[in-house]
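*Asks:* Take the sequence shown: its position 151, counted from the start at 1, is 151 in the numbering used here, and no numbers get skipped.
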Amino acid sequence: MSVSITDKRRIALAYDGSEDAIKLFDWAVKNIVRPESDHLILLSAVRRAEKVNAPIFSKKEPHSPTKEGELPMLSTTVTKVNDAIKETEHHPQGKTARKRLEAMSADLAKLHISSEEHILWGDAKTLLPRFTQTHKVDLLIMGSRGLNVVKSVFLGSVSDACLQECPCPVLVVRNATL
């Protein structure tokens, strides 16, 4: 019996392209995701190190991001979405992230697991919680880099931010356990 996509449990997986993230993806598919009743949302946050072109979204727009160089997850016009896609194609990190997510999605399709991919432009600490606040997500799965106490205090932790700000349950998997 097939479950409608709208009735499936929506599981988001934060993916940064690291070896540990690949292990987390494999672990989640084997241990958490149920092909018949789950839909996997693959999320990759790409921090823009430098401006490729002039910013597509200015600070004056009502839906503009909170930090310089971030693109919003949602756009109000097709033109802005198309411009953002073009920028992704011309940004080396964006192209790599897109290829990784598309390959993962293809692997999931072979296992009969429905999925979608999203590249979030900017800081994962800000954008992962924002994504779960603005999209239907039933569970967020993410890895932990294992920062020591001093680094965690100074750098902050993406997983800490998600645990505090995401409206859905957050499963943080220690990399050492994979």
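Cβ coordinates follow ideal geometry from the N, Cα and C atoms, glycine included.
Counting only the same chain and skipping the five closest in sequence on each side, list residues whose C-beta sits under 6 Å from that of D20.
*Replies:* G143, N175
*Asks:* Pop quiz: A45 and D123 are said to be a contact at Cβ under 8 Å. What is the actual Cβ separation, rounded to whole angstroms?
*Replies:* The distance from the Cβ of A45 to that of D123 is about 7 Å, consistent with a contact at the 8 Å cut-off.
*Asks:* Taking only three categories from DSSP, how would you classify I32?
*Replies:* DSSP, read as helix, strand or coil, puts I32 in coil.
*Asks:* Which word fits T132, buried or exposed, when buried means at least 16 other C-beta atoms lie within 10 angstroms of its C-beta?
*Replies:* buried
*Asks:* On the criterion of 16 or more Cβ atoms from any shown chain inside 10 Å, does A97 qualify as buried, or is it exposed?
*Replies:* Only buried fits A97, as 16 or more other CB atoms lie within 10 angstroms of its CB.
*Asks:* What are the start and end residues of the beta strand (DSSP E) that includes D160?
*Replies:* D160 -> not in any beta strand (DSSP E); alpha helix (DSSP H) instead, spanning 158-165.
*Asks:* Looking at the unbroken alpha helix (DSSP H) that takes in L111, where does it start and where does it end?
*Replies:* Careful: L111 lies outside any alpha helix (DSSP H) and carries neither H nor E.
*Asks:* From R130 to C166, what does the alpha carbon distance come to, in whole angstroms?
*Replies:* 8 Å
*Asks:* So what does DSSP say about R9, is it helix, strand or coil?
*Replies:* strand
*Asks:* Let me confirm a value: A28 is counted as buried when at least 16 other C-beta atoms fall within 10 Å, else exposed. Which label applies?
*Replies:* buried
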